[in-house]
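As structure tokens, the structure follows; a few thoughts come after it.
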Amino acid sequence: MASHVARLSVRPDDQFSTEVKSRDFADTNGVAAAAMPASSSTWIPQQLRFPAAVLMTFSLSSLLLTLSSPVTGPELAAVSRDLTTAWHITAMVIWKVAELWIAWYACYDYLDLAYLTLLNNVPHYFLLNTFYGIDLFTAILPLAIDIITITLPFAVFRRLNSGHADPESKTVNQQVVQDKSIQTLVTVFGSAVYTIVVFACFKSWIPTYMVTHFGGLRSLTKAHDANVVLFLTLFLPLGFAASQFIFVPAIASAVNPGLTDPNIVPEKVPFNPQTATLGQTLAYNLGFSEAGFTPRAEIVAKRTLILSACSFTNSFVRAYFVIEGTEVFGALGWASVWALAAGITGVGFAWIGDE
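Numbering follows the numbering used here, with no gaps: position 71 of the sequence shown is 51.
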């Protein structure tokens, strides 16, 4: 069966711009140390680069949050816990270091981390803006700081895993995912999935749940006035980030030629339903074969799992440890909404890629 992506590719190859820049995702989807291009940080020993990135992240965060405090401080302080207990502070620090370590261990570059950070932190500021009346600018500014402070160190100590690819060496799949019309469609699809999940929760159990398990709520007006068009528009950045974090690496990976060209060595071991056993049939339909997961399915599965887990953990940590009056069950419920949305989005991208 041909990939759904191939069906979206309606423009001939000669219409693709040869000036489009491409990233090589071969080294950004595993756990082995990725080959790094020469950079200004090459003089730093490999063993010290991650500690240096962590130190730079905390230093930048402290500096930028201090500088922005006259603007954002009063509003955010009004709804924030007083983090004076040692275990609260320790938990926040441990999660931040763990978040950086996951990205470093998975060999993500700064673009991967920027998209992941956006997807992980939007739920927190969306919660503050929707239920606690925090001004939109007051929510966006610290969100931008979160993204900058966690990605800039990776830009310094771990740049893109390869330079610009030779246009002539790009696979058909790489050309497909760089097509603007396909990027737009996939972005809207991702936004639609987030919209459906969050909107369904808002129209069913979220308002009552928030009143029960979150203290200090200022208003439910935005929750009751929510509509699909508004959410679809608000979540376009999430759709774009999810597509760039999950879909593009899976389709455009240099180790994954895909099924857009039937003459390319197929990714999957041929399956014969007439001779296959029940176990083989079940394994095949679950995405396994004699060769295991296809490269595309493996990338989608890993990145979807990481996104869902990080979205859940970050949403829980920031809701429970940062917002005053939040109960454990409240934070768990809020975090589950975004983990579910991330997981379904990944499944949707797998369907588009015909996995």
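Here a beta-carbon is modelled for each residue, glycine too, at the ideal position from N, C-alpha and C. Note that the structure is a prediction, hence the values are computed from the model and not measured.
Looking only at 252, 298, 317, 232, the smallest Cα-Cα distance to residue 279 is reached by 232.
Between residue 99 and residue 218, the C-beta gap is smaller than 8 Å, which places the two residues in contact. With a beta-carbon spacing of about 6 Å, residue 33 and residue 134 fall inside the 8 Å limit used to define contacts.
If you ignore the 5 residues before and after residue 187, its C-beta comes within less than 6 Å of the C-beta of 200, 203, all in its own chain and listed in chain order. Residue 332 has its alpha-carbon roughly 30 Å from the corresponding atom of residue 123. Boundaries of the alpha helix (DSSP H) around residue 33: 26 to 59.
Residue burial annotation: residue 78 is exposed, with fewer than 16 other C-beta atoms found within 10 angstroms of its C-beta. Beta-carbon to beta-carbon, residue 281 and residue 299 are separated by about 27 Å, too far to satisfy the 8 Å threshold.
Contact between residue 43 and residue 114 does not hold, since the beta-carbon distance rounds to 22 Å and is not under 8 Å. Contact annotation, residue 82 with residue 286: C-beta distance approximately 7 Å; criterion of less than 8 Å satisfied. When beta bridges are read from the DSSP output, residue 306 appears opposite 194.
Within the stretch 72 to 147, the runs of alpha helix (DSSP H) at least 4 residues long that lie entirely inside it are, in chain order, 90 to 111, 116 to 137. Under the three-state reduction of DSSP, residue 184 is assigned to coil, being neither helix nor strand.
Rounded to whole angstroms, the gap between the alpha carbons of residue 54 and residue 191 is 24 Å.
Rounded to the nearest whole angstrom, the C-alpha separation of residue 24 and residue 227 is 33 Å.
Pairing residue 210 with residue 167, the inter-Cα distance amounts to about 16 Å.
Taking 8 Å as the cut-off, the Cβ atoms of residue 325 and residue 173 count as close. Taking a C-beta distance under 8 Å as the contact criterion, residue 118 and residue 46 do not qualify as a contact pair. DSSP places residue 217 in the uninterrupted alpha helix (DSSP H) bounded by 216 to 222.
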